[in-house]
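Residue numbers (this note's numbering): 1 to 364.
And the structure:
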């Protein structure tokens, strides 16, 4: 039985991709362990495999990333494993070096283009550092995977490294019903789920409600600009129309999502990471039966147009966004979009991706 050790720098609780992959590997007979981080308010979790959660006094800045990789390197140096999986670039140095000294295999799972995240676009020195890390380590990878074709093509062009695409699609589940104890929200309801961070079009989304008088907005998640968004809501007297849930467990997300009429993913073009984005939430909306409105970026546009489950938008002013949201809810195509989510969910689910995943690991 091969021992596979997954390492991730974020909180294990909310990483749905890692949970699906680790679960599939465990079910296939691999001895799975996850090493991740535990934040101050992280809930306890139970998984059928081993999970080790590390605490740090510092949780931001370069010092944190340095401490994490140094600590992780020594943990890996004295751990038993056959394969170590680095989830994203910020864990790759420790994983690659430990695997090198131990003569073990390393897999790089790139959830995003790390040097291209919006938070680094106006921080040239930090961005340059991560670009250097990418150049040093990515080109040395023999086994790599990522979330979409655009990122795979990017790495192939830049480093001549082939990446297997494993998309972030959900597991098919029985019909989800709203818990009678769950909060009920007024209709019509638009939903956003995910991190409340810069570059996600959230400020514009909130302000669009001023131009769509009947629509309500549910924002599920937490992040760096959460307080800023709440201030925008208050300053525009939208407290009765915009609702924040904070960070939720995946099971809770689904119960709230199905109450909505539309799901949105409105990333701004702040670097290639968002331009190439194919986020979990798009598939979660589809599996919840929601038509979607997404940014006119290649990966999201391809899904929306291929399955005809909604519309894309390029000019995201509050006025035009508000008008389009109202139009979609009243559009004669709404029923068609909603029916097509059933077809899309049948094709875009973890059953298909799991076969690709296990085939990938069988060759290592």
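All C-beta atoms in this analysis are idealised placements derived from N, C-alpha and C, irrespective of residue type, glycine included. Keep in mind that this is a model prediction, so the values were computed, not measured.
Separation of residue 54 from residue 77, as counted between CA atoms: 16 Å
Using DSSP with H/G/I as helix, E/B as strand and the rest coil, what is residue 287? DSSP places residue 287 in helix when its eight states are reduced to three.
Given this structure, state the Cα-to-Cα distance separating residue 138 from residue 84, to the nearest angstrom. 15 Å
Less than 7 Å between the beta carbons of residue 343 and residue 105, yes or no? Contact flag unset, no.
Alpha carbon to alpha carbon, what distance is there between residue 254 and residue 127? Approximately 35 Å between the Cα atoms of the pair.
If you draw a straight line from the C-alpha of residue 165 to the C-alpha of residue 125, how long is it? 30 Å
In its own chain, which residues sit with a C-beta less than 8 Å from the C-beta of residue 372, not counting the 5 before and 5 after it? As shown, the chain starts at 1 and ends at 364. That puts residue 372 outside it, with no answer to give.
Which residues does DSSP list as the beta-bridge partners of residue 86? 7 and 108
Neighbour-count burial assignment, residue 359, 16 or more Cβ in a 10 Å radius: exposed
What is the DSSP secondary structure of residue 37, counted as helix, strand or coil? strand
Where does the unbroken alpha helix (DSSP H) through residue 61 begin, and where does it stop? 61-77
Residue 168 and residue 17 - do their beta-carbons sit closer together than 7 Å? yes
Same chain, Cβ closer than 6 Å to residue 288, neighbours up to 5 away in sequence not counted: 257 and 258
So, with DSSP's three-state summary, where would you put residue 179? Note that residue 179 has pLDDT 49, beneath the 50 cutoff, so the model's placement of it is unreliable and the number below is only indicative. If DSSP states are grouped into helix, strand and coil, residue 179 belongs with coil.
Assign residue 205 to one of two classes, buried (16 or more other C-beta atoms within 10 Å of its C-beta) or exposed (fewer than that). buried
Measure the CB-CB distance between residue 6 and residue 34 and report whether it falls below 7 Å. yes
Option nearest residue 12 by Cα separation, candidates 29, 197, 246 and 47: Closest by alpha carbon: 47.
Tell me the residue span of the alpha helix (DSSP H) that contains residue 334. 334-347
When DSSP labels each residue in this structure, what does residue 146 get in the three-state scheme? strand
Just how far apart, CA to CA, sit residue 8 and residue 117? The alpha-carbon atoms of residue 8 and residue 117 are separated by roughly 17 Å.
Roughly how far, in whole angstroms, is the beta-carbon of residue 325 from the beta-carbon of residue 262, given that I think they are within contact range, below 8 Å? Sure, about 7 Å apart at Cβ, within 8 Å.
For the segment 302-315 and the segment 192-200, state whether three or more C-beta atom pairs, one from each stretch, are separated by less than 8 Å. no
Helix, strand or coil, according to DSSP, for residue 276 in the structure here? coil
Mapping DSSP to helix, strand and coil, what is residue 216? strand
Go ahead and label residue 122 buried or exposed: buried means 16 or more other beta carbons lie within 10 angstroms of its beta carbon, across all protein chains shown. exposed
Ignore the nearest five residues each way along the sequence and tell me which others in residue 385's own chain have a CB closer than 6 Å to its CB. Limits of the chain in this structure are 1 at one end and 364 at the other, which puts residue 385 out of reach.
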